[in-house]
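**Q** The sequence shown begins at -4 in my numbering and counts up one residue at a time.
Next up is a structure, given as structure tokens.
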Amino acid sequence: MKNLFDIKGHVVVITGGTGVLGRCIGKYLAGQGAKIAVLGRKQEIGDQIVENIKADGGMAGFYQTDVMDKAIVEQNCRDILADFGRIDALLNAAGGNMPGATIGPDQSIFDLDPEQFQKVLNLNLVGTVIPTQVFLKPMVQQKKGAVVNFSSMAALRPLTRVCGYGAAKAGISNFTAYMAHETARKFGEGIRVNAIAPGFFITEQNRALLTNPDGSYTERGKDVIRQTPFGRMGEPEELCGTIHYLISDASRFVTGTVAIVDGGFNTFAM
């Protein structure tokens, strides 16, 4: 019987590929034989990630981008097709938050900065829509491909403080369901669109919110741990198995789903 998880030779595009999660996922998938197109803003970091993948025997290339600029993303797509010949999967891992789009314990909705709120919506939601528009085209021509968007636990359970981020991620979950139906109906069952909803993983964006300089948890970090049945934060590599499944033939009848990877956070009840 065919190995349904075999992704050898698959070309995987990862936006936000220079971040903590994207970097870890790219390294893992390269180890499974996939060819990785790392997209990100920082050339030096991207080049180092590619160098590390190649040193381990993998294949990868870095493409500097701005996921909110369609012309740049279209050029990225042309360059990737020139280098690798095809695109089999897109991971929309680019995203983040901004202080002005949050509401602190001593603040109210009246302190929310609408411009910062809009920027967070653009980075996360529009920064998912544009790459999907661009990289989906070669998949449609191939009649096969997988898109995995990055939603969040904040889309499923409204969390305090992260007002803009939660709204943007909820939009991504909705967009995922919409695109799953849209692509299947118009382009056939070979195109699948799913998402993952990570729980709490320490990244550059949330490190100061969840941990103190000495590495101990802040009060918010402790609250998260108390509400997570596993009693800890997630490790980046713990997303890799779900991603692998969603871009492989093992999930060929799966589309429109949001896979939760959260150590049980979403199940918590007092």
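The C-beta atom is built at its ideal place from N, Cα and C for all residues, glycine as well.
Excluding sequence positions up to five away, which residues of its chain have a Cβ less than 6 Å from the Cβ of cysteine 19?
**A** Pro231 and Glu232
**Q** Using 8 Å as the cut-off, can you tell me whether the region 134 to 147 makes contact with the region 99 to 118, which would need three or more C-beta pairs spanning the two stretches below that distance?
**A** Between the region 134 to 147 and the region 99 to 118, the count of C-beta pairs closer than 8 Å stays below three; the two stretches do not touch.
**Q** Where does the unbroken beta strand (DSSP E) through phenylalanine 57 begin, and where does it stop?
**A** For phenylalanine 57, the uninterrupted beta strand (DSSP E) run begins and ends at 54 to 59, by DSSP.
**Q** Ordered along the chain, which non-local residues of its own chain (more than five positions away) have a Cβ less than 8 Å from that of leucine 116?
**A** Gly159, Ala162, Ala163 and Gly166
**Q** May I ask you to report which of helix, strand or coil DSSP gives isoleucine 197?
**A** coil
**Q** Could you spell out the range, first to last residue, of the alpha helix (DSSP H) harbouring alanine 179?
**A** 158 to 182
**Q** Looking at C-beta atoms only, is the number of pairs between the region 92 to 99 and the region 30 to 39 that lie closer than 8 Å three or more?
**A** no
**Q** Just to confirm, is the Cβ distance from valine 68 to phenylalanine 57 under 8 Å?
**A** No, the Cβ-Cβ distance between valine 68 and phenylalanine 57 is not below 8 Å.
**Q** Can you check the region 3 to 60 for any alpha helix (DSSP H) of at least 4 residues that lies completely inside it and give the ranges in chain order?
**A** 15 to 26 and 38 to 50
**Q** Let me make sure I understand the geometry here. Which of Gly14, Gln43 and Asn47 has the alpha-carbon closest to that of alanine 25?
**A** Asn47
**Q** Less than 8 Å between the C-beta atoms of threonine 171 and alanine 190, yes or no?
**A** In this structure, the beta-carbon distance from threonine 171 to alanine 190 falls below 8 Å.
**Q** Determine the direct distance from the alpha carbon of glycine 183 to that of aspartate 64, and round the result to whole angstroms.
**A** 28 Å
**Q** With distance defined between alpha-carbon atoms, name the residue in Asn261, Tyr212 and Gln200 nearest to threonine 97.
**A** Gln200
**Q** Going by beta-carbon coordinates alone, are threonine 252 and alanine 179 separated by less than 8 Å?
**A** no
**Q** Taking the straight line between their C-alpha atoms, what separation do you get for threonine 60 and isoleucine 2?
**A** Straight-line Cα distance between these residues: approximately 25 Å.
**Q** Check for me: the alpha helix (DSSP H) holding glycine 140 runs from which residue to which?
**A** Not the alpha helix (DSSP H): glycine 140 falls in the beta strand (DSSP E), residues 140 to 145.
**Q** Shortest alpha-carbon distance to glutamine 128 belongs to which of Leu85, Pro193, Ile242 and Arg227?
**A** Leu85
**Q** Leaving aside the five residues before and after histidine 176 along the sequence, list all residues of the same chain whose C-beta is less than 8 Å from its C-beta, in chain order.
**A** Gly251
**Q** Go to isoleucine 238, then tell me how far its alpha helix (DSSP H) extends in each direction, as first and last residue.
**A** 235 to 242
**Q** Would you mind giving the Cβ-Cβ distance between glycine 11 and alanine 88, rounded to the nearest angstrom? I have them listed as a contact below 8 Å.
**A** 4 Å
**Q** Report the rounded CA-to-CA distance for isoleucine 125 versus valine 62, giving the unit in angstroms.
**A** 7 Å
**Q** For the beta strand (DSSP E) that asparagine 87 lies in, which residues bound it at each end?
**A** 84 to 87
**Q** How big is the Cα-Cα spacing for valine 188 and leucine 234?
**A** 17 Å
**Q** Leaving out the 5 sequence neighbours to the left and right, which residues in its chain are closer than 6 Å to methionine 174 when beta-carbon positions are compared?
**A** Result list for methionine 174: Val188, in chain order.
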